[in-house]
Structure formats: structure tokens, C-alpha cells
Amino acid sequence: MTKIKVGIIGSGGMARHHLARFSAMETAEVVAVASRNEQTGMQLATEHKVAFIPEWLHLVEREDIDGVVICTHNDSHGEITLAALQVDKHVFVEYPLASDVGEGEAALKLAGERKRVLRVSHPEAVSNTHKALKEKIGELGDLLLTSFVRLTPGRGARPEILFNLPVSGTPAHFFIYHIYPIVDFFGGAASVKKSAVYEGLRENGQYDRFVNTLTVEFKRGGIGQWTWAGGIAINAAEEHERYVLTEGTISDAGGEWHCTTPAGVTPLLIPDSPQPTLQELWLSEIRDAADQPPNLGDAAVALEAIRISLASG
Ligand SMILES: NC(=O)c1ccc[n+]([C@@H]2O[C@H](COP(=O)([O-])OP(=O)(O)OC[C@H]3O[C@@H](n4cnc5c(N)ncnc54)[C@H](OP(=O)(O)O)[C@@H]3O)[C@@H](O)[C@H]2O)c1
17 MTKIKVGIIG SGGMARHHLA RFSAMETAEV VAVASRNEQT GMQLATEHKV
67 AFIPEWLHLV EREDIDGVVI CTHNDSHGEI TLAALQVDKH VFVEYPLASD
117 VGEGEAALKL AGERKRVLRV SHPEAVSNTH KALKEKIGEL GDLLLTSFVR
167 LTPGRGARPE ILFNLPVSGT PAHFFIYHIY PIVDFFGGAA SVKKSAVYEG
217 LRENGQYDRF VNTLTVEFKR GGIGQWTWAG GIAINAAEEH ERYVLTEGTI
267 SDAGGEWHCT TPAGVTPLLI PDSPQPTLQE LWLSEIRDAA DQPPNLGDAA
317 VALEAIRISL ASG
């Protein structure tokens, strides 16, 4: 089988993660790493015996590359995705798809026209829990309310990047992986309201602590609410998630899902069936794209998710 030739853009944590995954797969060959950071870029490329290219555009334009894996910071995802699709590369981009709705829309349009695979790295595409939740939600009638709360004590390994409005966007945008699954369940929003408080906000857009809430009315009915707080005085991160539907509720407390209906309380059974990794899924989609136009359904959900996260800006 001919190997799919891959180029990695970025040389931080996610680039290292994806490079290790693709390098271990028989159906892929990593050809090059591009990064503006010569030190970490060269180190990663040398470790994996692949070419190092300082300028990402030169990697994107290489004829010996079929697909690019974009692992840069949020502010460059849209631009690099568009540049790659324009030269007929398949794209695997870390979330969020883009930090501008117009760029996200253009990317989806271009992927359709060029018949290229556009996969945003949202893990729910290969998650048994996500599938089980979707099935159960389908059995419990119409949505009334979904609520999500995430409280984080720390500021991450690189707070100067994460807690940085121009680079990473609002917390709702960098935590978009909490929005995407709910959009996959309930579709797009008819309206979005936000509230955000940043402590220690400086002129360069960096800050020390935040609280960010988001409320949407879904087009199909029902309300979605998200709350994020970071850099706050708690001992460990906390997360709570709940779906209130007309026939019952589903909630996650301490990592265990259970459903409540008038008939009783039952655990949500999560099947143990093997799933492909996101990298395997992308490679199989690229192979399938040789015979039929790629399915851009997940990318369309990722686009709806940025419509919501960016409306909260
Ligand atoms: N799927 C997941 O589970 C997951 C988990 C964490 C993060 N993410 C997402 O993955 C992305 C990368 O996160 P990370 O943790 O890997 O960040 P990171 O460790 O800071 O690495 C980012 C890399 O991209 C380079 N870079 C940034 N902007 C660039 C640009 N415009 N042009 C060229 N190179 C650029 C950085 O160079 P410098 O060293 O010079 O800054 C660095 O090498 C983020 O968008 C994040 O939201 C996904």
C-alpha cells in the first residue's frame, strides 16, 4: 500500500504527539516538520529523521506531501488551513478550526470544491462515550437545557499563550472542545450571549484569571449554558455536565454518567468497542477521497462551534 505523506506544522506538545502517532503507522510517512521555532523544530525533526523547514508555507507547497497536520497556536489555524487547501493538500488541524468565521467558512467551501479531507482534531469523532451520549439523548425527547461547568486552578504549561486574547482567543474559543460535542448533539445556535471577566488584563492581551459564561438558544429549541473559570483558588479542576430533556436527564458526576427518568436512575452504559484513532480516521478518509468526495460533516460541526465561540468574543 502506498504510504500517505504527511507534513507537521508546529513543534510543541501537539506536534510531538501527532508526529509520534503518524510515525508509528504503516500507512503514513512523515516527510517534514515546519516551525518558526528553529530550536524545538530542528530537535523534533532530528529525533524523527525528517526534514526541518523553518517556513510553514514552504512545507505546504512541497509536492511530495499529501496532507498537513497543523499544530500551531489558534491564531494561525485558519490561514494555514486555507493555504494548504489552496494547493490541494488534505488537512488535519488542531482545534479550533479558525479564529475568524469567514476563514472557517472559506475552508469548508474550499475543501468541498477541491475534494480534500478537512478534519478538525475533535476527539469525539472516535469516542465511545460521545456515541453513547448521542444515542441516549436521541431516546429522551427534546432538549430543554444543557449545562457545562469547568473550573481550573492553574494556568496551563504556557499561560503566556493560553491566557492571551490575541493568540488563543477567549476562554470559550480555547475551550471549544467543550462546545463542539454539544453542537454535534443539538445543532447550531439561533442566538448567543456571553459574559467575561479578565483579572490582570494587560495591553498585550495577556491576563491572570478569568470567568467566562456563554448561553445559547439552539435553533431547534432548548438552551445551552457553559461556564469556564481559570486561575482560580480551588484545589483541583472540577467539571460538571448535564442534559435536561423532556423525558429525563443525563449527568456526569465524578466521571460517571447516569440517567434519571421518572422510572428510576440508571448508569449510562459506554460500549468498549475498538475505535480508530483520529490519525487513522484521517488517513482512511484520505484514501476514500480518491473514489468519492469526502464527508465534511464533522468539519461543518466544527464550524458551527466556532460560530458560537467567536460570537462570545
Ligand atoms: N487535541 C488536543 O487534545 C489538544 C490539546 C492541547 C492543545 N491543542 C491545540 O493544539 C494547538 C497547539 O497546542 P500546543 O499545546 O502544541 O502548543 P505549543 O506547545 O505552544 O506549540 C505550538 C507550536 O506551534 C508554533 N507556532 C505557533 N504559531 C505559529 C505560527 N504562526 N507559525 C509557525 N509556527 C507557529 C510554536 O512556536 P513557538 O515555540 O515559537 O511558540 C510551537 O512550536 C493549539 O491550537 C491548541 O488549542 C489540542
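Those letters in the sequence shown? Residues 17 to 329, by the numbering used here. Each residue gets a CB set at the ideal place from its N, CA and C atoms; glycine is no exception. Since we're looking at a predicted model, the values are computed, not measured.
Asparagine 180 has its alpha-carbon roughly 20 Å from the corresponding atom of valine 109.
Under the DSSP assignment, valine 208 falls in the beta strand (DSSP E) whose first and last residues are 205-215. Contact annotation: valine 117 and isoleucine 86 have beta-carbon atoms that are not nearer than 8 Å. The residue from Glu95, Ala245, Glu129, Leu285 with its alpha-carbon nearest to that of arginine 171 is Ala245.
Taking all protein chains in view, the Cβ of glutamate 320 is crowded by 16 or more other Cβ atoms within 10 Å, so the residue is classified as buried.
Taking 8 Å as the cut-off, the beta carbon of proline 197 is found no closer than this to the beta carbon of isoleucine 248. The closest heavy atom of ligand 1 lies less than 7 Å from the beta carbon of threonine 88. One thing to note: alanine 100 has its Cβ no nearer than 8 Å to the Cβ of isoleucine 69. Residue side-chain check: threonine 168 keeps its Cβ at 7 Å or more from all non-hydrogen atoms of ligand 1.
When beta bridges are read from the DSSP output, histidine 274 appears opposite Ser267, Pro283. Going by DSSP, asparagine 251 is part of no alpha helix (DSSP H) at all; its letter is neither H nor E. Relative to ligand 1, asparagine 220 has its C-beta separated by 7 Å or more from all heavy atoms. Runs of the alpha helix (DSSP H) spanning 4 or more residues and lying entirely within the stretch 157-206 occur at 175-178, 181-184, 187-190, 196-202, in chain order. Judged by their CB atoms, alanine 205 and valine 165 are not nearer to each other than the 8 Å cut-off.
Contact between aspartate 104 and arginine 132 holds: their C-beta atoms lie close to 6 Å from each other, under 8 Å. For glutamate 233, the three-state secondary structure derived from DSSP is strand.
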